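Peer 1: In terms of this note's numbering, the sequence shown is numbered consecutively and its last residue is 172. The beta carbon of each residue, even a glycine, is placed where N, CA and C say it ideally should be. Just so we're clear, the structure is a prediction, and the values are computed from it rather than from any experiment.
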Amino acid sequence: MNQTFFEHTFSLGQAIRYRRLPSGTCYHADTPETVVAILEACRQNRCEIRLYYGDTQTGQSWLDEHDIIGYIGRSTGIVKVPLLVPPGDSGGPALLDHCIIRIDSPTKVLYQHGQFHVGDITLVQGKLKQLPWEVLINWTLQARFPAKREAKHYIDFLQGKRFALE
């Protein structure tokens, strides 16, 4: 892949090393080539995707629930970084492209870190009457739900068995 590496220093003094592709899109220098290729293909083909952010050394998911589904767009300016644009919107947040550990399309996994995991998930019945179903991750409370079915959908979403929560 033809690319140019450069460092950009922001107004507060923070410097980030990027790679600029022939398309003009700039990815963090630490983003794996495979991830860059998939994101660029998705940007060019306007594919809807779901991103999983996490620890790129261990493969542990950060369990993000928001700002993870959309299309890949691109910012304007000198450093044109990839954006995640929610369906129906015209802009969105910049990607932490160097922290991506999995990329899904609505029908399949496009990329996955070799050690991708979300932790040990347990569903238990708690003591709250209005929210009796509790989802624990590594025995730490993650979420509560009024119905067991909703809790199971949430678990499937975190594990990547469901593309979206809806």
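Cα-Cα, which of THR10, LEU18, LYS167, ILE44 is closest to GLY30?
Peer 2: Answer by Cα proximity: THR10.
Peer 1: If you drop the 5 nearest sequence neighbours on each side, which residues of the same chain put their C-beta closer than 8 Å to that of ALA149?
Peer 2: Counting only Cβ-Cβ distances below 8 Å, and skipping sequence neighbours, we find GLU140, VAL141, ALA157, TYR160.
Peer 1: ARG168 by DSSP, collapsed to three states: which one?
Peer 2: Coil, per DSSP.
Peer 1: Is GLY76 near PRO92, with beta carbons less than 7 Å apart?
Peer 2: In this structure, PRO92 lies closer than 7 Å to GLY76 by Cβ.
Peer 1: Is it buried or exposed, ILE84, if we count other Cβ atoms within 10 angstroms and call 16 or more buried?
Peer 2: By the neighbour-count rule (16 or more Cβ atoms within 10 Å), ILE84 is not buried but exposed.
Peer 1: List the endpoints of the continuous alpha helix (DSSP H) containing THR40.
Peer 2: Per DSSP, THR40 belongs to the alpha helix (DSSP H) from 39-51.
Peer 1: In this structure, how does DSSP classify LEU13 when only helix, strand and coil are distinguished?
Peer 2: The question names Leu, but residue 13 is Glu in the sequence shown. Correct three-state label for GLU13: strand.
Peer 1: From GLU13, ASP110, HIS119, pick the residue whose C-alpha is nearest to that of ALA170; which is it?
Peer 2: It is ASP110 whose Cα lies nearest to the Cα of ALA170.
Peer 1: Pull up the DSSP beta-bridge partners for VAL91, would you.
Peer 2: According to DSSP, VAL91 bridges with TYR77.
Peer 1: Using a 10 Å radius around the Cβ and a threshold of 16 neighbouring Cβ atoms, would you call HIS119 buried or exposed?
Peer 2: Buried.
Peer 1: Spatial neighbours of ARG52 within its chain, please: CB distance less than 6 Å, with the 5 preceding and 5 following residues excluded, ordered by chain position.
Peer 2: Only TYR77 meet the Cβ criterion.
Peer 1: Suppose you measure from the CA of PRO88 to the CA of SER17; what does that come to, to the nearest Å?
Peer 2: If you take the alpha carbons of PRO88 and SER17, they lie about 20 Å apart.
Peer 1: By DSSP, does LYS154 sit in helix, in strand, or in coil?
Peer 2: Residue state, collapsed to three classes: helix.
Peer 1: By alpha-carbon positions, which one of HIS14, GLN66, LEU27, ASP73 ends up nearest to VAL42?
Peer 2: Here the closest residue by C-alpha is LEU27.
Peer 1: Along the chain, where does the beta strand (DSSP E) that runs through VAL124 open and close?
Peer 2: Segment: none, VAL124 is in no beta strand (DSSP E) and carries neither H nor E.
Peer 1: Drop a sphere of 10 angstroms on the beta-carbon of VAL130, count the other beta-carbons inside from all chains shown, and report buried for 16 or more, exposed for fewer.
Peer 2: Result: exposed.
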